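Start counting at 1 in the sequence shown, then tack on 1, and there's your number in the working numbering.
Down below is the structure, laid out as structure tokens.
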Amino acid sequence: MGNSVVTINNLVKRFPVGGDFFTALKNVNLSLEKGEFTGLVGPSGSGKTTLLNVIGGLDSPSEGSVTVLKKSLGETSHNERAELRRKNMGFIFQSYNLLPVYTVFENVELPLILNKVDPQERDNKVAQAIEWVGLSDKINSRPAMLSGGECQRTAIARAIVHEPTLVLADEPTANLDAENSHHIMKIMVKLNKELSTSFIFATHDEKIMDYLRRIIHLDDGQIINDEQIDRPKSGS
2 MGNSVVTINN
12 LVKRFPVGGD
22 FFTALKNVNL
32 SLEKGEFTGL
42 VGPSGSGKTT
52 LLNVIGGLDS
62 PSEGSVTVLK
72 KSLGETSHNE
82 RAELRRKNMG
92 FIFQSYNLLP
102 VYTVFENVEL
112 PLILNKVDPQ
122 ERDNKVAQAI
132 EWVGLSDKIN
142 SRPAMLSGGE
152 CQRTAIARAI
162 VHEPTLVLAD
172 EPTANLDAEN
182 SHHIMKIMVK
192 LNKELSTSFI
202 FATHDEKIMD
212 YLRRIIHLDD
222 GQIINDEQID
232 RPKSGS
């Protein structure tokens with residue numbers, strides 16, 4: 002437990018639907034250690050995205066406890082959870098969540114501004130992250146000028162620019178072709194290997210499966226299988 006990044010005990014998550022409740026997660030128990038490269042897989046509606054959102058402190062449990070990076074989320078304030086996310090987490094959303102009036106550079110720079118990183122260091126880190134995802138030629142473009150894949154790569158650069166301890170990724174390669182998917186996954190494997198960054202992916206993408214070292218299968222809000230993959234940490 003000394004290197005635990007995420008510990009979940011008896012997690013239940015319900016959402017109100019009309020006059021009733023829909024139970025999205027049912028008594029989930031899970032522990033993830035520092036440096037894991039883990040995928041959440043299962044059919045649509047199985048609870049993958051909900052579980053990511055609860056781990057990220059974006060949703061609160063209905064029952065049970067969630068501890069992330071030694072912080073019990075149920076015992077922290079809204080501001081404390083926001084600080085935890087800002088300093089220690091990176092998020093990759095299906096819908097990108099890019100700011101439309103910002104350029105690629107400005108979108109990627111945002112986490113470093115929020116963390117009060119020195120301007121010169123900020124410029125270097127942003128340029129490096131954008132180069133990693135292959136968008137140096139789009140650095141001054143706004144999201145409306147980008148393809149879906151380019152928007153996704155911008156979102157990935159933003160998620161990793163501050164070298165977070167934990168990255169939560171919801172279908173990060175859904176809008177990428179095979180070549181870019183493998184390129185992005187190799188970047189994440191490199192971060193995982195060199196910095197012990199922990200990654201949790203929610204995915205249907207078979208291309209991601211080739212890189213995962215742990216696959217957690219969900220169905221109807223429950224973990225039905227938890228599989229460790231004997232794969233070198235340097236990737237496939």
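We put the CB at the ideal spot given by N, CA and C, even for glycine.
Because the structure is a prediction, the values reported are computed rather than measured.
Can F200 and F16 be called in contact, C-beta distance under 7 Å? no
Give me the Cα-Cα distance between N141 and V118, rounded to the nearest whole angstrom. Each residue's alpha carbon lies about 21 Å from the other.
Taking 7 Å as the threshold (C-beta atoms), are T155 and N108 in contact? Between N108 and T155, the C-beta spacing is below 7 Å.
For a test of the three-state rule: what should DSSP assign to N10, helix, strand or coil? strand
Leaving out five residues on either side along the sequence, give the residues of the same chain with a beta carbon under 6 Å from the beta carbon of P165. N89, M90 and G91
Thinking C-beta only, is E110 closer than 7 Å to V127? V127 places its beta carbon less than 7 Å from that of E110.
Residue environment, D178, which counts as buried when at least 16 other CB atoms sit within 10 Å: exposed
From I217, V168, S182 and I225, pick the residue whose C-alpha is nearest to that of S197; which is it? V168
Given that a residue counts as buried once 16 or more other Cβ atoms are within 10 Å of its Cβ, and exposed if not, what is N193? Buried is the label assigned to N193, since at least 16 other Cβ atoms lie within 10 Å of its Cβ.
How about K49 and L219: do their beta carbons lie closer than 7 Å? yes
Counting Cβ pairs closer than 8 Å, one from the stretch 12–30 and one from the stretch 58–68, do we hit at least three? yes
Should S237 be labelled buried (16 or more other beta-carbon atoms within 10 Å of its own) or exposed? Unreliable positioning characterises S237 in this predicted model, as indicated by a pLDDT of 47, which lies under 50. The coordinate reading is nonetheless provided below. The residue in question, S237, is exposed, as its Cβ has fewer than 16 Cβ neighbours within 10 Å.
Can the beta-carbon of S32 be found closer than 7 Å to that of T51? In this structure, T51 does not lie closer than 7 Å to S32 by Cβ.
Which same chain residues, not among the five before or five after L99, have their C-beta less than 7 Å away from its C-beta? These residues qualify, in order along the chain: N108, P144, C152, T155 and A156.
According to DSSP, M90 sits in a beta bridge with which residue or residues? BP columns for M90 point to L167.
Expressed to the nearest angstrom, what Euclidean distance is found between the alpha-carbon atoms of E132 and F94? Going by the C-alpha atoms only, they are around 20 Å apart.
Length-filtered (4 minimum) alpha helix (DSSP H) runs lying within the stretch 139–214: 149–161, 179–196 and 207–210
Considering only the beta carbon of each residue, do A130 and V162 sit closer than 7 Å? Contact: yes.
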